[in-house]
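Worksheet: one structure, shown below.
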Amino acid sequence: MILGTGIDIIEVSRIHAAHQQFGERFLQRVLRPAEIAYCLSFKHPAPHLAARFAAKEAVSKAFGTGIGSALGWQDVEVCRHESGQPFVLLHGKGADLMAKVNGTRLHLSLSHTEGYAAAVAVLES
């Protein structure tokens, strides 16, 4: 049964500007260490950073909380299978929310171009 869905789209330039202005502080606020390492491994990390930002927003919408006191940036981690397929690891409040709603699976799809990044999340029980 589907418990919630979430979608987000963001301009890559917005995330690029935040990264340029706030640097490491921005990265550490929004991303977990493995996400930072992955994104910064690219010559142009902004589309990958934006995709993860959008993914975290989409997941928060699937839970119906948004990013805030109930679910923070660090509670959601975007990972990749060897095939490249993205998946979500939930930490802290994210894991607590998953248990609270009796969630069993969280599907994630990402897409990005030079200008935009988008993500869709589907929460199942």
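Numbering follows the working numbering, with no gaps: position 60 of the sequence shown is 116. For every residue, glycine included, the Cβ atom is placed at its ideal position computed from N, Cα and C. Everything numeric in this text was worked out from a predicted model, so none of it was measured.
query	result
Is the segment 105-117 touching the segment 129-138, taking contact as three or more C-beta pairs under 8 Å?	yes
Who are the Cβ neighbours of Met-57 in its own chain at under 8 Å, not counting the five residues just before and after it?	Glu-180 and Ser-181
State the Cα-Cα distance for the pair Pro-142 and Arg-136, rounded to the nearest angstrom.	4 Å
Classify Val-68 as helix, strand or coil using the three-state DSSP reduction.	helix
In three-state terms, what does DSSP make of Ala-126?	coil
Beta carbon of Ile-71, beta carbon of Ala-102: below 7 Å?	yes
Please classify Gly-150: does DSSP put it in a helix, a strand, or coil?	helix
Rounded to whole angstroms, what's the CA-CA distance from Gln-77 to Gln-84? Just pull it up for me.	14 Å
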